[in-house]
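Residue numbers (the working numbering), protein chains in the order written: chain A, 1 to 94; chain B, 1001 to 1289; chain C, 2001 to 2342.
Glycine included, each C-beta is placed from N, C-alpha and C at the ideal position.
Structure, as structure tokens:
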């Protein structure tokens, strides 16, 4: 799939690390999100440019140990859909 | 439109006008709050209104509707005999819906040596009773309903209203505090049998002195005494649930609460008596910075 | 003790006039402003005025609270837009959300409740489906109310977002279908103005007429002072920006059948807020104008609604406006049977 995704601009996001979860304060909405791995990492690797799900998965597997047999791209797509519902990620058209 | 009587009250940083169709609740409030300062210049932050639920319920089986500058639809009325409780609930409502100068936590707080102990939990956890008891045993009472967390300094500001004692706690406190500090008995209120207790004079005199939050407890009454660690994520979530204005404060609320969770040691505390609770608290207190 | 809301109106018109207020008068003014949902607007109007410290803190809090409301309203509009990304028709913002989205003076300090949008009537089902898919759900499950809404009202039954807990009202015209005047919804959609973000707001004259329709037709003039304050701002800004504005207002009022309502609203705005209005559109004072003003100002220093008889007369009359008598009887009877207040 060549669909690219873009994350909310860095200036819109304030992160805070709690022991087992990451907090994300999203300024345009005023909503505080509590995110578990790998979601914070997904948003972080998208920080500078729009990426496809495959590109995101590749960067994640470079950063983390991923179990064999797990389709990282499927997981990424599922998380991206959730993030789109929350307004933290959008699809790039064209 | 009936006439209204009114009094002004200042508690900690907040000032109220309590307007009532009946004199009785105001007379009770005035007596119990007699040692509190008056708001300067008669300026207040909120007006609470106690009015008849329906015009014909002013004199016959008088029924109090709790209203004010901030209000909730479908608020359940109280009988006039519980008018004092209605006034206290009205003040809680104004704070919960309208206060923005601190992050509000549903918690009690007491102070010793400039350090604040904060206790939060659901109704029945014992946070009010514990704060009342500790206030008679060497601690300074700061509040039993709301802990006010400063958005810039991170300190706790006192908000020492009448302490709300329920059911068995009333008898227990009557062993410790003189009769003239108690309000009227109110049986079978929506929150059980209630009696209000005026905080100690020192708590009132020092109501402008803040304290650094040093220990956060989630007390749970009726279980064998134990202290347990808690994960930060759980603490954060439970505190947002215990805060009425976290969302309303936006970014400032986020910074204040995350800093609080980062800096304040926290335990879950199970106990079966105030003596047990005191022991557990003392064991922690001495180890804290 | 303030007996009516005149001091609030005076403060909004002449900010400097508050410098003479005593402590208890400030308390009254604040209670009146909160009751009329005008404290945010008042706080902005009084930004440069000298006042006691605690009063300043109260007004600052109002500004903070309304800033949050504005932020949440714009986010809600954004969420609706994303949910309707595949819908090709115009999504027209209404009321407070429109004012803040278009950066209008009427949006400054405005309290905003639900998100109100207007779409073409034939697209209601498509829009409803998209919103339900995106996490909104129905608020009123009762089949009678549901049917009533769909057949007679100018909006879908209310929807609330299951996670954000915020309501959206989807309108297809600006007045209930059973009311007297029948505005031309198609004309409103055709003339709607596009914002940078792809959402729409009504054209100036339509925006004013919608607010006027709302003032007289929705409820017993409840929230009337706030509604009229909006109208005051809209009229001032649009008249200053375009010398054709009054002519457009005249012709659109005829298109929507709101000529009398326009005239009365202009007279009331002039009387209450000193709004400069076109004399020929405003027409001559009616005897009932002063009754309307009394009703608008019926709030005492404790924040209580006063003048009960005037209020009751307005309530019955406004329900009459919205529904023909036979329907009114049936609707009230069913509501009464189910224990709701009429």
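Can you tell me whether DSSP reads residue i as helix, strand or coil?
i, result
"residue 31(A)", "strand"
"residue 47(A)", "coil"
"residue 1039(B)", "coil"
"residue 1219(B)", "strand"
"residue 2325(C)", "Confidence is the limiting factor: at residue 2325(C) the pLDDT is only 48, short of 50, which leaves the residue's position unreliable, though a coordinate-based value still follows. If DSSP states are grouped into helix, strand and coil, residue 2325(C) belongs with the helices."
"residue 2118(C)", "strand"
"residue 1131(B)", "helix"
"residue 1101(B)", "coil"
"residue 2251(C)", "helix"
"residue 1070(B)", "coil"
"residue 6(A)", "strand"
"residue 13(A)", "strand"
"residue 2138(C)", "strand"
"residue 70(A)", "coil"
"residue 1079(B)", "strand"
"residue 1143(B)", "strand"
"residue 1260(B)", "helix"
"residue 2049(C)", "coil"
"residue 1052(B)", "strand"
"residue 1187(B)", "strand"
"residue 1016(B)", "strand"
"residue 1182(B)", "strand"
"residue 2214(C)", "helix"
"residue 25(A)", "strand"
"residue 1269(B)", "strand"
"residue 1047(B)", "strand"
"residue 1157(B)", "strand"
"residue 1006(B)", "strand"
"residue 90(A)", "strand"
"residue 2040(C)", "helix"
Please say whether residue j and residue i have beta carbons closer to each other than 9 Å?
i, j, result
"residue 2275(C)", "residue 2227(C)", "no"
"residue 2044(C)", "residue 2108(C)", "yes"
"residue 104(A)", "residue 1240(B)", "Absent from the model: residue 104(A). The displayed extent of chain A is 1 to 94, so no value can be given."
"residue 1043(B)", "residue 2053(C)", "yes"
"residue 1288(B)", "residue 1214(B)", "yes"
"residue 2303(C)", "residue 1068(B)", "yes"
"residue 2169(C)", "residue 2189(C)", "no"
"residue 12(A)", "residue 28(A)", "yes"
Check the Cβ of residue i against every Cβ in chain A and list those closer than 9 Å, keeping chain order.
i, result
"residue 1247(B)", "30, 31, 32"
"residue 2068(C)", "30"
"residue 2071(C)", "27, 28, 29, 30"
"residue 2082(C)", "84, 85, 87, 90"
If residue i sits next to residue j, beta carbons under 8 Å apart, how far is it from one beta carbon to the other, in whole angstroms?
i, j, result
"residue 2009(C)", "residue 2272(C)", "6 Å"
"residue 2208(C)", "residue 2098(C)", "The Cβ separation is near 12 Å, so there is no contact."
"residue 1163(B)", "residue 1131(B)", "7 Å"
"residue 1016(B)", "residue 1045(B)", "7 Å"
"residue 1141(B)", "residue 1110(B)", "6 Å"
"residue 2035(C)", "residue 2299(C)", "6 Å"
"residue 1267(B)", "residue 1230(B)", "7 Å"
"residue 2028(C)", "residue 2001(C)", "7 Å"
State buried or exposed for residue i, treating a residue as buried only when at least 16 other CB atoms are found within 10 Å of its CB.
i, result
"residue 1060(B)", "exposed"
"residue 2066(C)", "buried"
"residue 2162(C)", "exposed"
"residue 92(A)", "exposed"
"residue 21(A)", "buried"
"residue 2072(C)", "buried"
"residue 1129(B)", "buried"
"residue 1105(B)", "buried"
"residue 1108(B)", "buried"
"residue 1188(B)", "exposed"
"residue 1245(B)", "buried"
At 8 Å on the CB atoms, spell out the chain C contacts of residue i, in chain order.
i, result
"residue 85(A)", "2134, 2135"
"residue 1069(B)", "2030, 2031, 2034, 2035, 2303"
"residue 1253(B)", "Result: empty, since nearest Cβ-Cβ is about 10 Å, beyond 8 Å."
At 8 Å on the CB atoms, spell out the chain B contacts of residue i, in chain order.
i, result
"residue 2289(C)", "In chain order: nothing, as chain B lies at least about 24 Å away."
"residue 2052(C)", "1041, 1043"
"residue 2424(C)", "The structure shown does not extend to residue 2424(C), since chain C is modelled only from 2001 through 2342, so no value can be given for it."
Mind listing the chain C neighbours of residue i? Cutoff is C-beta to C-beta under 9 Å, in chain order.
i, result
"residue 1240(B)", "None at all; the shortest Cβ gap to chain C is about 14 Å."
Given that residue i touches chain A, what residues does it touch there, using C-beta distances under 8 Å?
i, result
"residue 1261(B)", "18"
"residue 1113(B)", "Going along chain A, no residue has its Cβ under 8 Å from residue 1113(B), so there is no contact; the nearest lies around 29 Å."
Which chain B residues are close to residue i, counting only those with a beta carbon under 7 Å from its beta carbon?
i, result
"residue 21(A)", "1233"
"residue 2064(C)", "1100"
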